[in-house]
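Residue numbers (the numbering used here), protein chains in the order written: chain P, 1 to 218; chain U, 219 to 422. Reviewing the structure listed below.
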Amino acid sequence: MQPLALRAAACLALAPAIAGAAPAERDLAPLQLRLVWAGEPAGTGDSMDFDLFGDTAAQKEAASDPALADRIETRRTMLQSHQILGLSTLALMTTSAVLGQLNYDDVYGGGGGTGDYLMAHRVSTYASAGAFIATATLSVFAPVPFEKDPGFDTATAHKIAVIGASAGMLAQVGLGFATARSADAGNARNLKRYARIHQAVGYSTVGLMAIATGVWIF
Amino acid sequence: MDGIPWRKSALVALVALVACSAFASAGAEEAGQAQEAAKVQPARWAGKGRIEYVLVHKLHRVVGATEEPEVALVIDESGLKVMARAKVASFKSGNGNRDAHALEAIDAANHPLVVVKGVAPGFKPPATPGVVKVPLKAQVELKGVTVPRDIEVTLDYRSPDRAEATFSFPESLEAHQVERPSLMMIKVEDALEIRGKLALEREP
């Protein structure tokens, strides 16, 4: 297309020059040349209104699943609340551990046994337990809309750490009863031993809870 | 005597025009042959390969990939049309829980496919093997929301029937009305990178 156009244009341009001896009264009509770039044919649009896979509207409609969408929405709401409550639980448990240490120092570390931290520690532990149960409930009862690929992943590590933390919390309840019995019996030696175990289990539980939270970073 | 130069000039002009006409005619024939050779035969291509997304969080950099994309190209006189799609559930990031969350975030139940369409008007495949960059006017459909996007694809023509396509372009989650997932109460970045490598084959 282009060579033809150029050759024709050259001829038409040369003809009057070759015939330059012609008198003025024989003027040729003025030439008008128009170049067309062949790279972009006329009529080519950039419309995206095509489907190279040939799907019909009915096929596209059939691909969606509103019931599944509802379950997903429910799960998202529950797990977002789970996330907020989980972080709150970790904060409450850390507070309990700090107050517990202060209480331990007060009672067994030569602090005078004032009991200044006893109630605060008790309230914070009850709050931690309540938040922990609420957090776990949201997770356990959240619908599971998609099958997960089997294998060890962040969620598996989270669950293992949370199971450990749950065991720690249950152990604290058991230790509470045992410690109360020792206190009732006036057994100071056992009381201090249980308090130390309680302290160790408490720190371990907070540690496991921190791991359960922290694994999401990796 | 006055009339003679005029006739001479006319004769010269006539000879010149005849010569030009022959010249142009030969040119036309030659051009016709060249045009026939350059004419793009309509062809359909199919492809397979790997498409990845790179998602960034302050504490994380996640790469998810699918190796199950469907790709179709049509090259004809008008240029190139391409359509690629993949099931969103086929993207794996190495963490099943995260992938499940991703499906929730992009509403996979109602919009199970991510679809990219593009056109390159006037595109002609190269006559010899080589690398060409193809600017596509494209659109990306995710979560049922279509967003226009300019994408440059590098096509490495290995032979008239085989080529490799590579591409990379930024995409916005919020442009597709995707609520950005958060971790530790910190949302992931809005921009994610989409990249891929596809092996294309001309269909018989």
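A virtual CB, placed ideally from N, CA and C, is assigned to each residue, including glycine. Small disclaimer: the values here were computed from a predicted structure and weren't measured.
ask   = If you draw a straight line from the alpha carbon of proline 366(U) to that of alanine 356(U), how long is it in whole angstroms?
value = 6 Å
query = Can you tell me where the beta strand (DSSP E) with glutamate 382(U) in it begins and where it stops?
reply = 380-390
Residue closest to glutamate 286(U), alpha-carbon to alpha-carbon, out of Glu270(U), Glu295(U), Ile293(U), Val300(U) = Glu270(U)
key: Cβ contact (3+ pairs, closer than 8 Å) linking the segment 91-111 of chain P and the segment 122-138 of chain P   = yes
query = Which residues of chain P have a Cβ atom closer than 9 Å to the Cβ of histidine 329(U), listed in chain order?
reply = Ala63, Ser64
request  = Using beta-carbon positions only, say whether leucine 321(U) and valine 406(U) come within less than 8 Å of one another.
outcome  = no
query = Can you name the residues of chain P whose CB is closer than 9 Å to the CB of glutamate 392(U)?
reply = Simply none; closest approach about 17 Å.
key: Whole runs of the beta strand (DSSP E) within the segment 278-329 of chain U, excluding any shorter than 3 residues   = 278-284, 288-294, 297-305
query = Counting contacts by CB-CB distance shorter than 8 Å, is methionine 48(P) in contact with chain U?
reply = yes
request  = Compare the C-beta of aspartate 424(U) with all C-beta atoms of chain P and state if any pair is closer than 8 Å.
outcome  = Since the first residue of chain U shown is 219 and the last is 422, residue 424(U) is not available in this structure.
ask   = Are the Cβ atoms of alanine 381(U) and valine 371(U) separated by less than 8 Å?
value = no
message = I need the straight-line Cα distance from valine 140(P) to phenylalanine 146(P), nearest angstrom please.
response = 15 Å
query = How long is the line joining the alpha carbons of proline 330(U) and alanine 307(U), rounded to whole angstroms?
reply = 7 Å
task = Compute the Euclidean distance between the alpha carbons of isoleucine 412(U) and lysine 310(U), then round it to the nearest angstrom.
result = 14 Å
key: CB contact below 8 Å: proline 339(U) versus chain P   = yes
key: Cutoff 8 Å: leucine 33(P) Cβ touching any chain U Cβ   = Residue confidence is low: leucine 33(P) scores 44 on pLDDT, short of 50, so the model does not pin down where it sits. Its coordinate-derived value is still stated next. So, not an interface residue.
request  = Could you confirm whether any beta carbon from chain U is found closer than 8 Å to the beta carbon of valine 201(P)?
outcome  = no
ask   = Taking Cβ-Cβ distances below 9 Å as the criterion, which residues of the segment 126-152 of chain P are in contact with chain U?
value = Val144, Pro145, Phe146, Glu147, Lys148, Asp149, Pro150, Gly151
query = What number of angstroms, rounded off, separates the C-alpha of threonine 95(P) from the C-alpha of alanine 120(P)?
reply = 10 Å
query = What's the call for glycine 54(P), buried or exposed, on a 16-neighbour Cβ count within 10 Å?
reply = exposed
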